[in-house]
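Heads up, the thing below is written out as structure tokens.
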């Protein structure tokens with residue numbers, strides 16, 4: 001797969017799953033202060049402190065430090081799993097964010113495995129049409145495309161696109177992102193077929 005396109009896929013994964021914009025510089029010192037304040041007032045295991053820790057890890061990700069973000073997410077996944085449970089929506093969000101950090105840090109295999117788990121859990125807990133479930137599917141498709149697994153990515157996107165249209169509307173940015181990725185996936189598959197790769 002084209003290296004520039006792979007880079008764009010990783011950036012898209014970051015924006016899609018986390019809502020972070022890689023071009024902005026979040027106020028990391030403010031986030032660190034907020035996390036310390038919540039940790040002191042409520043304890044580091046309080047759900048609000050865990051959310052603040054997630055925001056800080058996302059700041060590292062948005063600032064181009066995916067390896068550092070992945071380390072923070074690893075600790076946070078353990079904390080959220082222990083405090084909230086493995087299928088709690090916040091735990092699944094953190095797991096998904098960790099997967100995006102891996103994808104952004106050129107570890108698409110780890111990302112795809114984690115996102116498969118997140119997608120399955122979100123389908124079970126939230127249902128197939130919940131926006132968080134659809135987001136996980138879109139991020140998994142990005143990871144699969146980065147790995148060059150065009151057909152499974154296309155299948156995910158084909159199932160997701162009508163749901164995105166129904167849930168968010170045809171003009172929603174994530175609906176358009178899904179449609180654009182699906183079009184690209186079909187073009188990749190056609191190229192691979194013509195080249196005798198598939």
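Numbering (UniProt numbering), first residue to last: 1 to 198.
Heads up, the beta-carbon is just placed ideally off N, CA and C, and yes, glycines get one too.
Just so it is clear, the structure is predicted and the values come from calculations on it, not from any experiment.
Candidates the options: closest to residue i by CA position
i, options, result
"residue 74", "83, 65 and 97", "97"
"residue 168", "133, 103 and 186", "133"
"residue 142", "163, 194 and 110", "110"
"residue 176", "61, 51 and 158", "158"
"residue 161", "173, 178 and 154", "178"
"residue 149", "171, 118, 119 and 185", "185"
"residue 72", "94, 116 and 128", "94"
"residue 153", "136, 166 and 165", "136"
Outcome for residue i when other beta-carbon atoms lying within 10 angstroms are tallied against a minimum of 16
i, result
"residue 188", "buried"
"residue 24", "Legend: pLDDT at residue 24 = 47, less than 50; position of this residue unreliable, value from coordinates given subsequently. That one is exposed."
"residue 59", "buried"
Closer than 8 Å to chain D by CB, residue i
i, result
"residue 60", "Among the protein chains of the structure shown there is no chain D, as only one such chain exists."
Distance between beta carbons of residue j and residue i, contact taken as under 8 Å
i, j, result
"residue 139", "residue 100", "6 Å"
"residue 102", "residue 121", "17 Å between Cβ atoms; not a contact."
"residue 126", "residue 89", "7 Å"
"residue 156", "residue 104", "19 Å between Cβ atoms; not a contact."
Where the alpha helix (DSSP H) containing residue i begins and where it ends
i, result
"residue 194", "173 to 195"
"residue 202", "Any answer about residue 202 is impossible in this case: the structure gives the chain only from 1 up to 198."
"residue 60", "47 to 62"
Going residue by residue through the stretch 67 to 151, where are the continuous alpha helix (DSSP H) segments of at least 4 residues, counting only ones entirely within it? 89 to 104, 108 to 126 and 131 to 147
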